[in-house]
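*Asks:* Order-wise, the sequence lines are chains B and U. Residue 49 in numbering that gives the first Met the number 0 sits at position 50 of the first sequence, and the numbers go up by one each step. Residue 101 in numbering that gives the first Met the number 0 sits at position 102 of the second sequence, and the numbers go up by one each step. Dropping the structure in here first, questions after.
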Amino acid sequence: MTVNLTDRMKAWIEAMGCHLCVATPEGVPFVVLGRYAKATASDEVAFALAQDEAKVIAPVLSENSRVAFGVSRQGGIRAAYQFKGTGELLRSGSVFDTVAAQAKEEKGIDAESVLLVRLTELYCTKPGYEAGQRLDGMTPEELDAWERQRWKDVPRKRD
Amino acid sequence: MVKFTKEMKEALRVPGKGGSLIYLCTSSRDGNPNIAAMRFVATHMDDKILIADMFLLKTKANIKENPEVAVTICHPLDEGRWWVFKGKAVDMEYGFPRDFDWYGANATDILNEWGNWNKAEPPDEVPPDIVFPKAVQRGVVVVHVEEAYSIEPGHVGEKVLTG
Numbered sequence: 000m001t002v003n004l005t006d007r008m009k010a011w012i013e014a015m016g017c018h019l020c021v022a023t024p025e026g027v028p029f030v031v032l033g034r035y036a037k038a039t040a041s042d043e044v045a046f047a048l049a050q051d052e053a054k055v056i057a058p059v060l061s062e063n064s065r066v067a068f069g070v071s072r073q074g075g076i077r078a079a080y081q082f083k084g085t086g087e088l089l090r091s092g093s094v095f096d097t098v099a100a101q102a103k104e105e106k107g108i109d110a111e112s113v114l115l116v117r118l119t120e121l122y123c124t125k126p127g128y129e130a131g132q133r134l135d136g137m138t139p140e141e142l143d144a145w146e147r148q149r150w151k152d153v154p155r156k157r158d
Numbered sequence: 000m001v002k003f004t005k006e007m008k009e010a011l012r013v014p015g016k017g018g019s020l021i022y023l024c025t026s027s028r029d030g031n032p033n034i035a036a037m038r039f040v041a042t043h044m045d046d047k048i049l050i051a052d053m054f055l056l057k058t059k060a061n062i063k064e065n066p067e068v069a070v071t072i073c074h075p076l077d078e079g080r081w082w083v084f085k086g087k088a089v090d091m092e093y094g095f096p097r098d099f100d101w102y103g104a105n106a107t108d109i110l111n112e113w114g115n116w117n118k119a120e121p122p123d124e125v126p127p128d129i130v131f132p133k134a135v136q137r138g139v140v141v142v143h144v145e146e147a148y149s150i151e152p153g154h155v156g157e158k159v160l161t162g
């Protein structure tokens, strides 16, 4: 399915960072923080990872590229979404260079790698009858309207 | 056997009591990860995390086929709550044999104390545009924690609890 991140989703992801979840092929989950996040396309998010952060998930990603993430901090409740896709750890190239430089400038993160997640699934996680509702496949206009009926708040970017 | 610290026990409570919003991370048996925020959380004994089974879908399906889970603090993070707890989970649903035991946690004890969690600890702090109109609890997820590691920047992956 096609994921079309709204401007509000991008704002929450980039302002708060995300909790990144991966799992071994046998189903053992691991979590690290994606403290610096950048929406690089309507269906792509890049996370700058320090060496110790990458070290936890790199062995897992080498065997299983599936990634699920949710927005950190207040975003866990205010941006009630789960994002899923496939992840690739980049250690060179234009995306790595750009995101790593921005992460260093904005958050002082020495990025050893950049996790680029190409999104394939999007779910609502608002508690209640809409929990688990699948939102990918909506057109950008449909998804934007769906979200605007519920929430409009956009966070300030954290230091 | 691990033993939670005082700070961990204080953090692993509902947000309205100074605790945390948490993320419960599960996986299908073939490695499809899932992450979902949870508000109803508590500790039991020194090594169990309890989470209300309300609105669980994929999380519930995953736990039924694969008990391996990770629990981490979503918010607040700036109070030293940089932990990921790993362990094995079961969803103690209503109807479970009352003498069911999960690593020392008894189903009767769990469901008697936390079986009507919304009434015991109502979500007064949850914003009105997020709060659910009616809570329907189907059980309690019991996580037997076996280890924990740090996600504090500069210390990621370091063990903070070991069995």
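Glycine included, C-beta positions come from ideal geometry on N, C-alpha and C. Just so you know, these numbers come straight off a predicted model, no measurement behind them.
If V144 of chain U sits next to K47 of chain U, beta carbons under 8 Å apart, how far is it from one beta carbon to the other, in whole angstroms?
*Replies:* As a working note, residue 144 of chain U is residue 145 in the second sequence. As a working note, residue 47 of chain U is residue 48 in the second sequence. Right, the Cβ-Cβ distance comes to about 7 Å (below 8 Å), so this counts as a contact.
*Asks:* State the DSSP-derived secondary structure class of M91 of chain U, mapped to helix, strand or coil.
*Replies:* Position 92 of the second sequence, counted from the first residue, corresponds to residue 91 of chain U. Three-state DSSP puts M91 of chain U in a strand.
*Asks:* Does the distance from the CB of A134 of chain U to the CB of N111 of chain U come in under 8 Å?
*Replies:* Start at 1 with the first residue of the second sequence, and residue 134 of chain U comes out as number 135. Start at 1 with the first residue of the second sequence, and residue 111 of chain U comes out as number 112. Taking 8 Å as the cut-off, the Cβ atoms of A134 of chain U and N111 of chain U do not count as close.
*Asks:* Answer yes or no: does any C-beta atom of chain B fall closer than 8 Å to that of Y93 of chain U?
*Replies:* Residue 93 of chain U sits at position 94 when you count from the first residue of the second sequence. Taking Cβ atoms only, chain B never reaches closer than 8 Å to Y93 of chain U, which makes this a no.
*Asks:* Which residues in chain U sit within 8 Å of S71 of chain B, going by Cβ to Cβ distance?
*Replies:* Translated into the one-based positions of the first sequence, residue 71 of chain B becomes position 72. Those are C73, H74, L76, listed as they occur along chain U.
*Asks:* Taking the DSSP output, what are the residues bridged to Y22 of chain U?
*Replies:* One-based indexing of the second sequence puts residue 22 of chain U at position 23. Answer is U:A36, U:T71.
*Asks:* If you measure beta-carbon to beta-carbon, which residues of the segment 21-37 of chain U are closer than 8 Å to chain B?
*Replies:* Y22, C24, T25, S26, S27, R28, D29, G30, N31, P32, N33, I34, A35, A36
*Asks:* Considering only the alpha carbon of each residue, which of B:A102, B:D51, B:L121 lies closest to K83 of chain B?
*Replies:* Locating residue 83 of chain B in the first sequence gives position 84, counting from the first residue. Among B:A102, B:D51, B:L121, the Cα nearest to that of K83 of chain B is on B:L121.
*Asks:* Quick check on A14 of chain B: does DSSP put it in helix, strand or coil?
*Replies:* Your numbering for residue 14 of chain B matches position 15 in the first sequence. Helix, per DSSP.
*Asks:* Rounded to the nearest angstrom, how far is the Cβ of I34 of chain U from that of C123 of chain B, given a contact under 8 Å?
*Replies:* Stepping through the second sequence from its first residue, residue 34 of chain U is reached at position 35. Stepping through the first sequence from its first residue, residue 123 of chain B is reached at position 124. No, I34 of chain U and C123 of chain B are not in contact; Cβ-Cβ is about 14 Å, not under 8 Å.
*Asks:* Closer than 8 Å, Cβ to Cβ, to anything on chain B: give me those residues from the segment 39-53 of chain U, in chain order.
*Replies:* M53
*Asks:* Quick test of the definition: if touching needs 3 or more C-beta pairs under 8 Å, does the segment 91-106 of chain U touch the segment 44-52 of chain B?
*Replies:* Result no; under three Cβ-Cβ pairs closer than 8 Å.
*Asks:* Look at the alpha carbon of K16 of chain U and the alpha carbon of D29 of chain U, and state the distance between them as a whole number of angstroms.
*Replies:* Residue mapping note: residue 16 of chain U aligns to position 17 of the second sequence, counting from 1. Residue mapping note: residue 29 of chain U aligns to position 30 of the second sequence, counting from 1. Those two C-alpha atoms are separated by around 37 Å.
*Asks:* According to DSSP, is N251 of chain U part of a helix, a strand, or is it coil?
*Replies:* With chain U running from 0 to 162 in the structure shown, residue 251 of chain U is simply not present.
*Asks:* Strictly below 8 Å CB to CB, what residues from chain B border D128 of chain U?
*Replies:* On the second sequence, position 129 is the one that residue 128 of chain U refers to. R149, W150, listed in chain order.
*Asks:* Name the residue from B:E141, B:K151, B:V116 whose alpha carbon lies nearest to the alpha carbon of D162 of chain B.
*Replies:* The requested residue 162 of chain B does not occur in the structure, where chain B is confined to residues 0 to 158.
*Asks:* Any beta-carbon of chain B closer than 8 Å to the one on E120 of chain U?
*Replies:* Start at 1 with the first residue of the second sequence, and residue 120 of chain U comes out as number 121. With 8 Å as the cut-off, E120 of chain U does not count as an interface residue toward chain B.
*Asks:* Applying a beta-carbon distance threshold of less than 7 Å, which residues of chain U neighbour E65 of chain B?
*Replies:* Here residue 65 of chain B corresponds to residue number 66 of the first sequence, with the count starting at 1. Correcting the residue type first, residue 65 of chain B is Arg in the shown sequence and not Glu. What R65 of chain B touches in chain U: G30, N31, P32.
*Asks:* Per DSSP, which residues does K83 of chain B bridge with? Please list them.
*Replies:* Within the first sequence, residue 83 of chain B is the residue found at index 84, counting from 1. Beta-bridge pairing links K83 of chain B to B:A67, B:E120.
*Asks:* With 8 Å set as the bound, which would you pick, yes or no: does the beta-carbon of D51 of chain B sit closer than that to a beta-carbon of chain U?
*Replies:* Within the first sequence, the letter at position 52 stands for residue 51 of chain B. Yes, because at least one Cβ of chain U sits closer than 8 Å to the Cβ of D51 of chain B.
*Asks:* When the Cα atoms are used, what is the spatial distance from N61 of chain U to T25 of chain U?
*Replies:* Along the second sequence, read from residue 1 onward, the residue named residue 61 of chain U stands at position 62. Along the second sequence, read from residue 1 onward, the residue named residue 25 of chain U stands at position 26. Taking the straight line from one Cα to the other gives about 6 Å.
*Asks:* I'd like the span of the beta strand (DSSP E) that includes Q136 of chain U, first residue to last.
*Replies:* As a working note, residue 136 of chain U is residue 137 in the second sequence. Segment 136-149, the beta strand (DSSP E) holding Q136 of chain U.
*Asks:* What is the C-beta distance between G138 of chain U and E92 of chain U, in whole angstroms, given that I count them as a contact (C-beta under 8 Å)?
*Replies:* The residue labelled residue 138 of chain U in the question sits at position 139 within the second sequence. The residue labelled residue 92 of chain U in the question sits at position 93 within the second sequence. Right, their Cβ atoms sit about 3 Å apart.
*Asks:* Taking only beta carbons into account, state which residues of the segment 20-43 of chain B come closer than 9 Å to chain U, listed in chain order.
*Replies:* C20, V21, A22, T23, P24, E25, G26, V27, P28, F29, V30, V31, L32, R34
*Asks:* Give every residue of the same chain whose Cβ lies closer than 7 Å to the Cβ of S112 of chain B, excluding the five residues on either side of it in the sequence, and list them in chain order.
*Replies:* Translated into positions along the first sequence, residue 112 of chain B becomes position 113. Taking C-beta separations shorter than 7 Å and ignoring five residues to either side along the sequence, the partners of S112 of chain B in its chain run L48, A53, L88, L89, R90, following chain order.
*Asks:* Looking at the structure shown, is K5 of chain U part of a helix, part of a strand, or coil, going by DSSP?
*Replies:* Mapped onto the second sequence, residue 5 of chain U falls at position 6. It is helical.
*Asks:* Compare the beta carbon distance of V59 of chain B and F95 of chain B with 8 Å and say whether it is the shorter of the two.
*Replies:* By 1-based counting over the first sequence, the position of residue 59 of chain B is 60. By 1-based counting over the first sequence, the position of residue 95 of chain B is 96. Taking C-beta atoms as the reference points, V59 of chain B and F95 of chain B fail to come closer than 8 Å.
*Asks:* Run through the segment 18-54 of chain B for me and flag every whole beta strand (DSSP E) of 3 or more residues, listed as ranges in chain order.
*Replies:* 28-33, 35-40, 43-48
*Asks:* Look at the alpha carbon of E124 of chain U and the alpha carbon of G92 of chain B, and state the distance between them as a whole number of angstroms.
*Replies:* For this step, residue 124 of chain U is matched to residue 125 along the second sequence. For this step, residue 92 of chain B is matched to residue 93 along the first sequence. Counting only the Cα atoms, G92 of chain B lies some 45 Å from E124 of chain U.
*Asks:* Quick check: is the beta carbon of N65 of chain U nearer than 8 Å to any beta carbon in chain B?
*Replies:* Against the second sequence, residue 65 of chain U aligns to sequence position 66. It does; some Cβ of chain B falls within 8 Å.
*Asks:* Hey, would you say K8 of chain B sits closer than 8 Å to A78 of chain B, going by beta carbons?
*Replies:* Start at 1 with the first residue of the first sequence, and residue 8 of chain B comes out as number 9. Start at 1 with the first residue of the first sequence, and residue 78 of chain B comes out as number 79. Before going on, a small fix: residue 8 of chain B reads as Met here, not Lys. Going by C-beta atoms, M8 of chain B is nearer than 8 Å to A78 of chain B.
*Asks:* With a threshold of 8 Å on Cβ separation, who are the neighbours of A110 of chain B within its own chain once the five nearest residues in sequence on each side are excluded?
*Replies:* Taking the first residue of the first sequence as position 1, residue 110 of chain B is located at position 111. The answer, listed in chain order, is Y35, A47, L48, A49, F95, V98, A99, A102, K103.
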